[in-house]
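A.B. asks: Input: one structure, supplied below.
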Amino acid sequence: MSGLRDRMIGCLVGLAVGDALGASVETSPRDSFEPLTDMIGGGPFKLQPGQWTDDTSMALCLGSSLLEKSFDLADQMVRYSRWRDEGYYSSTGKCFDIGDTVNGAINRYLVDGNPKAGIKDPELAGNGALMRLAPVVLYYYPDHGQSNYYAAQSAKTTHQAKECRQANRIMADKLYLAFSGVPKSMIINTIAENVPTWSRLETIAHGDYQKMSREMISSSGYVVDSLEAALWCFANTENFSDAVLMAANLGDDSDTVAAICGQIAGAHYGFSAIPQAWLDKLAMKDQLVDMGKRLSDHIPSVTTAGDRLEVHIPCQLVTAGLLPEPDAEFDELMQFAASFFPEDFGGLPRCQQLLQLLQKNQIQQPEIVVIRAAMRACYEEIQQHEQPSQEDQQQLKQLLELLRQQL
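Heads up, the sequence shown is in the numbering used here, so the first residue is 85 and it goes up one at a time.
The structure is reproduced here in structure tokens:
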């Protein structure tokens, strides 16, 4: 199994493993139970070892929808409804753990047919969209723009509060970096684009939680708490097992915090790092692995990417010799193809900053993956100008040339 595929499958399976571990102590106050060291089952739903809860069920619903319908909010809601009402993708054959927020959203959808059924109230900014995120990033990788955009869109079915959408964007960026194989320190410390400065999410995106003690970390169902707790566990451990066990042992909403942690830990350490003893117990393991493979196999059309290249770069100074051929390797195309959603990124100002860093040799080889989105945004911004300035054109040309030398 290649390193990339190992990481991508590890992300989805890691979600389920974390969910199954944390389910044993879900709702239990912190330190009120013997610390977990293994996958033991039990908990409030009296599960068998390896059975998981709503986190994984909804992730599988989302993943199957992406594979069969691409991104279709209505189809996602149909599958969430089937999980609730029929036990679709349940580890026990029936729905036994559903939050009020998700249940209410499904009810609203069944009444009015609007799949954007999540409530925007920040008081209801739960972690139900973040816990199921992994399939979106698997499906759209390596297109950073689409994975980031659809991460936020996927929250709207059940959790439309801006905190939920922004948390999904931050996590999508972290997963994207992990899939790209960058060092752990980059995953933790890379500053995400477009993070609101008015909230704790900015400090989380920047990795400030690393300075916090366990007593300062909350494992509640509030999405900001859950994101912070999961990333804190990932940052303060050195392997997959320790990360998800630390998350589960925080108690409270332990299954979801561990499921979120399992996504990023699995994406970084890979499927091969998950203990075999846990995999042997994991409910529907083969289906999880198969879905991870199918999601990781999906790539946008190479022809579409090639067509975008020609349309999105109307710059005389950006010569054809600087660009990949339309039949080049897909990963090479995606490094230069335009983002569908330029508002998510920094555009030309960010492009100019990156150029300066490259010229000063302050960007190392592993960090190249971080700048792909800014390159695509630069193309989009140039496309929107009838007459790009000579300075802008020259800077783009120089940045392309320097990237060519380092890639």
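Note that CB positions come from ideal geometry on N, CA and C, so glycine has one too.
Looking at the secondary structure, which residues open and close the alpha helix (DSSP H) in which G94 lies?
C.D. replies: Within the sequence shown, the letter at position 10 stands for residue 94. 87 to 106 is the extent of the alpha helix (DSSP H) around G94.
A.B. asks: For I203, which residues does DSSP report across the bridge?
C.D. replies: Here the question's residue 203 lines up with position 119 in the sequence shown. According to DSSP, which records beta bridges pairwise, I203 is partnered with H243.
A.B. asks: Of the residues T185, N191, D159, which one's Cα is nearest the Cα of D169?
C.D. replies: Residue mapping note: residue 169 aligns to position 85 of the sequence shown, counting from 1. When each option's Cα is compared against that of D169, the closest is N191.
A.B. asks: Going by beta-carbon coordinates alone, are R298 and L329 separated by less than 9 Å?
C.D. replies: Translated into the one-based positions of the sequence shown, residue 298 becomes position 214. Translated into the one-based positions of the sequence shown, residue 329 becomes position 245. No; because the gap between Cβ atoms is not below 9 Å, this pair is not in contact.
A.B. asks: If D139 and T340 are in contact, beta carbons under 8 Å, what's the gap, nearest whole angstrom?
C.D. replies: Counting from one through the sequence shown, the residue named residue 139 turns up at place 55. Counting from one through the sequence shown, the residue named residue 340 turns up at place 256. Sure, about 5 Å apart at Cβ, within 8 Å.
A.B. asks: Check whether the Cβ atoms of G497 and A158 sit closer than 9 Å, and answer yes or no.
C.D. replies: This structure leaves residue 497 out entirely; the chain is present only between 85 and 491.
A.B. asks: My guess is that Y193 and M161 are in contact by the Cβ rule of under 8 Å, so how many angstroms apart are they, rounded?
C.D. replies: In the sequence shown, counting from the first residue as 1, residue 193 sits at position 109. In the sequence shown, counting from the first residue as 1, residue 161 sits at position 77. Indeed, because the Cβ distance is near 5 Å, the residues count as touching under 8 Å.
A.B. asks: Is L214 near K258, with beta carbons less than 9 Å apart?
C.D. replies: By one-based count along the sequence shown, residue 214 stands at place 130. By one-based count along the sequence shown, residue 258 stands at place 174. Taking 9 Å as the Cβ cut-off, L214 and K258 do not qualify as a contacting pair.
A.B. asks: Note down, in chain order, each residue of its chain lying with its Cβ closer than 6 Å to the Cβ of G126, except the 5 sequence neighbours on either side.
C.D. replies: Against the sequence shown, residue 126 aligns to sequence position 42. Hits under 6 Å: S108.
A.B. asks: Where P207 and S86 are concerned, what is the direct C-alpha to C-alpha distance, given to the nearest angstrom?
C.D. replies: On the sequence shown, position 123 is the one that residue 207 refers to. On the sequence shown, position 2 is the one that residue 86 refers to. Strictly speaking, residue 207 in this sequence is Glu, with Pro absent from that position. For E207 and S86, the distance between alpha carbons rounds to 43 Å.
A.B. asks: Can you list, in chain order, the stretches of the alpha helix (DSSP H) that have 4 or more residues and sit fully within the stretch 155 to 224?
C.D. replies: Segments of the alpha helix (DSSP H) lying fully in the stretch 155 to 224: 157 to 170, 184 to 196, 218 to 224.
A.B. asks: For S380 and I344, I'd like the C-alpha separation in whole angstroms.
C.D. replies: Taking the first residue of the sequence shown as 1, we reach residue 380 at position 296. Taking the first residue of the sequence shown as 1, we reach residue 344 at position 260. Looking at the backbone, the Cα of S380 and that of I344 are separated by about 19 Å.
A.B. asks: With distance defined between alpha-carbon atoms, name the residue in D292, E312, G291, D181 nearest to I301.
C.D. replies: Within the sequence shown, the letter at position 217 stands for residue 301. The option with the nearest alpha carbon to I301 is E312.
A.B. asks: If we ignore side chains and look at the alpha-carbon of each, how far apart do T321 and T111 end up?
C.D. replies: Here residue 321 refers to the residue found at position 237 when the sequence shown is read from its first residue. Here residue 111 refers to the residue found at position 27 when the sequence shown is read from its first residue. One C-alpha to the other measures close to 24 Å.
A.B. asks: Between G350 and C95, which are expected to be in contact by the criterion C-beta below 8 Å, what is the C-beta distance as a whole number of angstroms?
C.D. replies: For this step, residue 350 is matched to residue 266 along the sequence shown. For this step, residue 95 is matched to residue 11 along the sequence shown. At roughly 5 Å, the Cβ-Cβ gap stays under 8 Å, so G350 and C95 are in contact.
A.B. asks: Mark K130 as exposed unless 16 or more other C-beta atoms lie within 10 angstroms of its C-beta, in which case mark it buried.
C.D. replies: Counting from 1 along the sequence shown, the entry for residue 130 is found at position 46. Exposed: under 16 other Cβ atoms inside 10 Å.
A.B. asks: Do W362 and V101 have their C-beta atoms closer together than 9 Å?
C.D. replies: Within the sequence shown, residue 362 is the residue found at index 278, counting from 1. Within the sequence shown, residue 101 is the residue found at index 17, counting from 1. Yes, the pair counts as a contact, with Cβ atoms nearer than the cut-off.
A.B. asks: Distance check for N323 and Y353, CA to CA, integer angstroms please.
C.D. replies: Numbered from 1 along the sequence shown, position 269 holds the residue referred to as residue 353. Numbered from 1 along the sequence shown, position 239 holds the residue referred to as residue 323. Each residue's Cα considered, the two are about 7 Å apart.
A.B. asks: Is the CB of N232 under 9 Å away from at least one CB in chain B?
C.D. replies: In the displayed structure, chain B is absent; only one protein chain is listed.
A.B. asks: Which of the three DSSP states, helix, strand or coil, is assigned to V395?
C.D. replies: Here residue 395 refers to the residue found at position 311 when the sequence shown is read from its first residue. Because V395 sits at a pLDDT of 27, beneath the cut-off of 50, its placement in the model cannot be relied upon, and the point is left open.
A.B. asks: Report the option in R166, E118, A289, Y173 whose CA atom is closest to the CA atom of T137.
C.D. replies: Along the sequence shown, one-based indexing puts residue 137 at 53. Ranking the options by Cα distance to T137, first place goes to Y173.
A.B. asks: Exposed or buried, what is H228 when buried is set at 16 or more other beta-carbons lying within 10 Å of its beta-carbon?
C.D. replies: As a working note, residue 228 is residue 144 in the sequence shown. Result: buried.
A.B. asks: Taking the continuous alpha helix (DSSP H) assigned at N273, which residues delimit it?
C.D. replies: Within the sequence shown, the letter at position 189 stands for residue 273. Note, N273: alpha helix (DSSP H), 268 to 273.
A.B. asks: Which residue from R216, R163, A239, V220 puts its Cα closest to that of T200?
C.D. replies: The residue you call residue 200 lines up with position 116 of the sequence shown. Position check: residue 200 holds Lys in this sequence, whereas Thr was assumed. Among R216, R163, A239, V220, the Cα nearest to that of K200 is on A239.
A.B. asks: Output needed for C145: all residues of its chain with C-beta closer than 6 Å, excluding positions within five of it in sequence on either side, in chain order.
C.D. replies: By one-based count along the sequence shown, residue 145 stands at place 61. Only R163, Y164, W167, Y173 meet the Cβ criterion.
A.B. asks: So which of L99, L150, M92, S325 has the shortest CA-CA distance to A367?
C.D. replies: Here residue 367 corresponds to residue number 283 of the sequence shown, with the count starting at 1. Nearest C-alpha to A367: L99.
A.B. asks: Looking only at its chain, what residues have a beta carbon closer than 7 Å to the beta carbon of T403, apart from the 5 residues adjacent to it on each side?
C.D. replies: On the sequence shown, position 319 is the one that residue 403 refers to. With a pLDDT of only 37 at T403, under 50, the local geometry of the prediction cannot be trusted, and no value is derived from it.
A.B. asks: Pull up the distance between the alpha-carbon of G147 and that of G171, whole angstroms please.
C.D. replies: What you label residue 147 is simply residue 63 of the sequence shown in a count that begins at 1. What you label residue 171 is simply residue 87 of the sequence shown in a count that begins at 1. Using only the alpha carbons, I get a separation of about 16 Å.
A.B. asks: Among H382, I358, R378, whose alpha-carbon lies nearest the alpha-carbon of V97?
C.D. replies: Position 13 of the sequence shown, counted from the first residue, corresponds to residue 97. Checking every option, the nearest Cα to that of V97 belongs to I358.
A.B. asks: Tell me which residues share the same chain as M92 and place their Cβ nearer than 8 Å to its Cβ, disregarding the 5 neighbours each side in the sequence.
C.D. replies: Start at 1 with the first residue of the sequence shown, and residue 92 comes out as number 8. So the list reads L222, Y225, F263, A351, G376, L379, S380, once near-sequence residues are dropped.
A.B. asks: Which partner residues of L329 appear in the DSSP bridge assignment?
C.D. replies: Here residue 329 corresponds to residue number 245 of the sequence shown, with the count starting at 1. Beta-bridge pairing links L329 to no other residue.
A.B. asks: DSSP beta-bridge partners for L131?
C.D. replies: Translated into positions along the sequence shown, residue 131 becomes position 47. DSSP lists G126 as partners of L131.
A.B. asks: Using only the alpha-carbon positions, how far apart do V308 and R249 sit?
C.D. replies: Within the sequence shown, numbered from 1, the residue matching residue 308 stands at position 224. Within the sequence shown, numbered from 1, the residue matching residue 249 stands at position 165. Cα-Cα distance, rounded: 11 Å.
A.B. asks: List the residues that DSSP assigns as beta-bridge partners of Y306.
C.D. replies: As a working mapping, residue 306 is identified with position 222 in the sequence shown. Bridge partners of Y306: G210.
A.B. asks: Hey, S283 and D337: beta-carbon distance below 9 Å or not?
C.D. replies: Counted from its first residue, the sequence shown places residue 283 at position 199. Counted from its first residue, the sequence shown places residue 337 at position 253. No, the Cβ-Cβ distance between S283 and D337 is not below 9 Å.
A.B. asks: How long is the line joining the alpha carbons of T242 and G210, rounded to whole angstroms?
C.D. replies: Locating residue 242 in the sequence shown gives position 158, counting from the first residue. Locating residue 210 in the sequence shown gives position 126, counting from the first residue. When rounded, the distance between both Cα atoms is 10 Å.
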